[in-house]
Every structure is written in C-alpha cells, then in structure tokens.
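Novice: Residue numbers (the numbering used here): 11 to 117. Glycine included, C-beta positions come from ideal geometry on N, C-alpha and C. In this text, all values refer to a predicted model and were calculated from it rather than measured experimentally.
#1: Using 8 Å as the Cβ pair cut-off and three pairs as the minimum, do the region 35–42 and the region 52–64 touch?
#2: Do you know how far the Cα of residue 26 is from the Cα of residue 20?
#3: Where do the ends of the alpha helix (DSSP H) carrying residue 69 lie?
#4: Note down the Cα distance separating residue 91 from residue 67, rounded to an integer number of angstroms.
#5: Helix, strand or coil for residue 27, going by three-state DSSP, please let me know.
#6: Rounded to whole angstroms, what is the Cα-Cα separation between residue 110 and residue 100?
#7: So, under 8 Å CB-CB, residue 70 and residue 83 are touching, yes? Tell me the CB distance rounded to an integer number of Å.
#8: Would you decide whether residue 79 is buried or exposed? Buried here means 16 or more other CB atoms lie within 10 Å of its CB.
#9: Which two residues bound the contiguous alpha helix (DSSP H) that contains residue 84?
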C-alpha cells in the first residue's frame, strides 16, 4: 500500500481507538526473551570485493581486446573495443544500482 493509504487507515484507526490495546505485559515479555541482534561483520564483504576485483583485473589483462580498448580510449579514439568497454562499465553500474535499490527496499 502507499503512504497515502496508510495515513488514511491510521487516521481512521485513531478515530476509533483512544489508545493502545492492553496486552497484560505480553509484548514486554516477548521482547525480553528475544536474543540480542547478531553483529554484522563487514570485513568478509570487503575482502570478497577486493579479491573479486583483483582476479577480474588479472584475468582481463591477458585479453587483447581489453588492452586495445584501453589504449584507444587513452589515445582519444572511438573504436569498437572502446565502445565495448564503455557498454560493459555502464551495464555493471546499472546492475549495481538495481541491486542497491532492491536491497534498500528489503530494509
């Protein structure tokens, strides 16, 4: 539902009920029994990104098409390998943006 619908529903509910429904301390008991949140470690993610980027770079160094593309790009020439590199970088950027948006919706 949209925020507008949620606001309308919240407004209608607030008109009908004056306050929270008494639960006899049930919610407080449940909250005390829940385990503490686990701490998230970021080092495995960072290590995986660095290792993946390093291996990707090392594997692409031996590809002649990539070397030609970099050389032409640095020389300011627009060739097929340069276009391939630009399309690849744009595609990876769009995939990363879509993944970030999808992950942001889950939280």
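Specialist: According to the structure data:
#1: no
#2: Along the chain shown, one-based indexing puts residue 20 at 10. Along the chain shown, one-based indexing puts residue 26 at 16. Residue 20 and residue 26: Cα-Cα distance of roughly 10 Å.
#3: The residue given as residue 69 occupies position 59 in the chain shown. Note, residue 69: alpha helix (DSSP H), 53–71.
#4: Residue mapping note: residue 91 aligns to position 81 of the chain shown, counting from 1. Residue mapping note: residue 67 aligns to position 57 of the chain shown, counting from 1. The straight-line gap from Cα to Cα measures roughly 16 Å.
#5: What you label residue 27 is simply residue 17 of the chain shown in a count that begins at 1. DSSP places residue 27 in coil when its eight states are reduced to three.
#6: The residue you call residue 110 lines up with position 100 of the chain shown. The residue you call residue 100 lines up with position 90 of the chain shown. Those two C-alpha atoms are separated by around 15 Å.
#7: The residue given as residue 70 occupies position 60 in the chain shown. The residue given as residue 83 occupies position 73 in the chain shown. The pair is not a contact, with the Cβ atoms about 14 Å apart (cut-off 8 Å).
#8: The residue you call residue 79 lines up with position 69 of the chain shown. It counts as buried.
#9: For the purposes of this step, residue 84 is taken as the residue at position 74 of the chain shown. Counting along the chain, the alpha helix (DSSP H) containing residue 84 begins and ends at 74–85.
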